[in-house]
Amino acid sequence: MIFEDTFTVKAPIQKIWGFLLDPQKMASCIPGAEKIDVIDERNYHVVAGAKVSFLSVSFAMKVTVTEMQPPTRLVSVGEGMDQKLKDRVKLTTELNLREVGPQETEVSYKIDMAVFGKLASIGFSVIKGKAKRMAGEFTNTIKTRLEAEA
Numbered sequence: 000m001i002f003e004d005t006f007t008v009k010a011p012i013q014k015i016w017g018f019l020l021d022p023q024k025m026a027s028c029i030p031g032a033e034k035i036d037v038i039d040e041r042n043y044h045v046v047a048g049a050k051v052s053f054l055s056v057s058f059a060m061k062v063t064v065t066e067m068q069p070p071t072r073l074v075s076v077g078e079g080m081d082q083k084l085k086d087r088v089k090l091t092t093e094l095n096l097r098e099v100g101p102q103e104t105e106v107s108y109k110i111d112m113a114v115f116g117k118l119a120s121i122g123f124s125v126i127k128g129k130a131k132r133m134a135g136e137f138t139n140t141i142k143t144r145l146e147a148e149a
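According to numbering that gives the first Met the number 0, the residues represented by the sequence shown are 0 to 149, in order.
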């Protein structure tokens, strides 16, 4: 499943880049993020949960930043498992920034996600609908937070 969006934030590109590199700030914008532990500047343990249809999952994930091109591009990969259902998730996230003006930045993201196990069996459209709503929440939250800090 691939999710993509582009939005404009009224904040300078360097401010947004700094925000993206702060794992606690980023985690606070991700729907369902429960916990983040920093291993080093490129590796994190993340616990994130969601309720999809009749299933509740909480994935313990290892996330690694695989590409950094300051201040325009950040790519990470994550993989994790729900301890109760043993479902697995794999995702690759690409974030790209483009300066539109001194106080305005275009943010685009692409998330490529694969889900395995019972969660996958409830149907692609149900999972995609939930993930799309969560992606929309992420977009709104990050935009609001960044513009409030600008």
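Built from N, CA and C at the ideal position, the CB exists for glycine as well.
Worksheet item: Is the Cβ-Cβ distance between arginine 41 and valine 64 less than 8 Å?
Response: Closer than 8 Å, so yes.
Worksheet item: Taking Cβ positions, are lysine 34 and valine 46 nearer each other than 8 Å?
Response: Yes, they are a contact pair.
Item to complete: Go through its chain and collect everything with a Cβ distance to threonine 71's Cβ below 6 Å, but skip five positions before and after it.
Response: If the five residues before and after threonine 71 are omitted, its C-beta is found closer than 6 Å to the C-beta atoms of Leu96, all from its own chain and listed in chain order.
Discussion item. Using a 10 Å radius around the Cβ and a threshold of 16 neighbouring Cβ atoms, would you call glycine 77 buried or exposed?
Written reply: Result: buried.
Discussion item. I'd like to check one pair, alanine 49 with methionine 133: are the Cβ atoms closer than 8 Å?
Written reply: Cβ distance < 8 Å, so methionine 133 and alanine 49 count as in contact.
Worksheet entry | Among Lys117, Gln23 and Leu94, the one whose alpha carbon lies nearest that of threonine 88 | This sequence places valine at residue 88; threonine is not what is there. The candidate whose alpha carbon is nearest that of valine 88 is Lys117.
Worksheet item: Can you list, in chain order, the residues of its chain whose CB lies under 6 Å from that of isoleucine 1, leaving out five sequence neighbours each side?
Response: Correct list, in chain order: Asp111.
Discussion item. Within a Cβ cutoff of 6 Å, which residues of the same chain sit near valine 99, ignoring the five residues on either side of it in sequence?
Written reply: Taken in chain order, the residues that qualify are Glu105.
Worksheet entry | Whole-Å CB distance - serine 107 paired with threonine 7, under 8 Å assumed | That belief does not hold up - the Cβ atoms of serine 107 and threonine 7 are roughly 10 Å apart, past 8 Å.
Practice prompt. Pull up the DSSP beta-bridge partners for valine 64, would you.
Written response: Valine 64 is bridged to Ser75.
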